[in-house]
Each structure stands twice: as structure tokens, then as C-alpha cells.
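Shown next, in C-alpha cells, is the structure this report addresses.
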Amino acid sequence: MAHGVFGTAINCMDGRTQLPVNEYLKKHYQLDYIDTITEPGPIKILAENTAGVDSIKRRVSISVEAHGSKLIAIVGHYDCAGNPVPDETQLKQFAAALKTIRSWGFEAQCFGLWVDERWQVVPVE
1 MAHGVFGTAI NCMDGRTQLP VNEYLKKHYQ LDYIDTITEP GPIKILAENT
51 AGVDSIKRRV SISVEAHGSK LIAIVGHYDC AGNPVPDETQ LKQFAAALKT
101 IRSWGFEAQC FGLWVDERWQ VVPVE
């Protein structure tokens, strides 16, 4: 088991989102480390259950099982090149993406995070 408290972020590969999300998770969940799984437009991949889902699941499994992560955040953001749809569409995709993640049965809290046009992180219900 790894030393320290881990969380998991399924984040966009867009480098603008990495730091704000990691800082948010460390501050609000008292985490030492964030295992970051990146894909272009991950909420779309998970919402539509398209190619790439198995790879994401395998990497989440490593984070949860090897590092003891107790939370999994799925991240969407403003101006996403990997999921170039209106923000409102992305926000609707969160429910299906979270359903996919929760179906994997990991003992971890799952939730969504949105990174807005000011690169501020806000929780998504």
C-alpha cells in the first residue's frame, strides 16, 4: 500500500485543467496525491461508453487497489477540444459518465468537477 492519501482524477488531457483540479482535490478532500488519468474529453468517452473506457477502468483500478484511492472525480471543462459541444451538453453528460464509473463497483466516492472559463473548479451534482 502506498504512503499518503490518494484520490483519482479522470481528467481531460488539456494541461490547463490539471493544476486547478489537483489543488481543489487536495484542499477539499485532504489528499496528498492525485492519480491523474487523462483522455481528450473523458466525460464524453464515459457517457457514451466508447473506445477507451476499458483503459480508463484499468487505470482507475490501479489507483484504487494499489494506492487505496477512496475517491474518483470525473472532470469536464470549458473550451474542451476533445468534446467540442456546448457547456450545457457536457454538464448533461456527467450523469451518464458517473453511472458508468459507479457500475465498476469500486469502493470509492464518485463525483463530477467542472472547470469553468476562469479555470475555477466547481462540483457537479
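Residue numbers (this note's numbering): 1 to 125. Virtual Cβ for every residue (Gly too), placed ideally from N, Cα, C.
What is the residue span of the beta strand (DSSP E) that residue i lies within?
i: P123; result: 121–124
i: G162; result: Nothing can be reported for residue 162, as the shown portion of the chain is limited to 1 through 125.
i: T38; result: 33–39
i: V75; result: 71–77
Starting from residue i and walking both ways along the alpha helix (DSSP H), at which residues does that stretch end?
i: Q18; result: 15–29
i: A51; result: Here A51 belongs to no alpha helix (DSSP H), and DSSP marks it neither H nor E.
Exposed or buried, what is residue i when buried is set at 16 or more other beta-carbons lying within 10 Å of its beta-carbon?
i: L19; result: exposed
i: S55; result: exposed
i: Q90; result: buried
i: K44; result: buried
i: V60; result: buried
i: G4; result: exposed
i: D35; result: buried
Helix, strand or coil: which one does DSSP assign to residue i?
i: V64; result: helix
i: V115; result: strand
i: A95; result: helix
Can you give the beta carbon distance from residue i to residue j, rounded, assuming they're within the 8 Å contact cut?
i: Y78; j: E117; result: 4 Å
i: F133; j: V64; result: What is shown of the chain runs 1 to 125, which leaves residue 133 out entirely.
i: G15; j: G82; result: Wrong, their Cβ atoms sit about 12 Å apart, outside the cutoff.
i: A108; j: L71; result: 6 Å
i: G7; j: S69; result: 6 Å
| If we count Cβ pairs, one from each stretch, closer than 8 Å, do we get three or more for the segment 50–62 versus the segment 77–96? | Pairwise C-beta distances place the segment 50–62 out of contact with the segment 77–96, as fewer than three of them are shorter than 8 Å.
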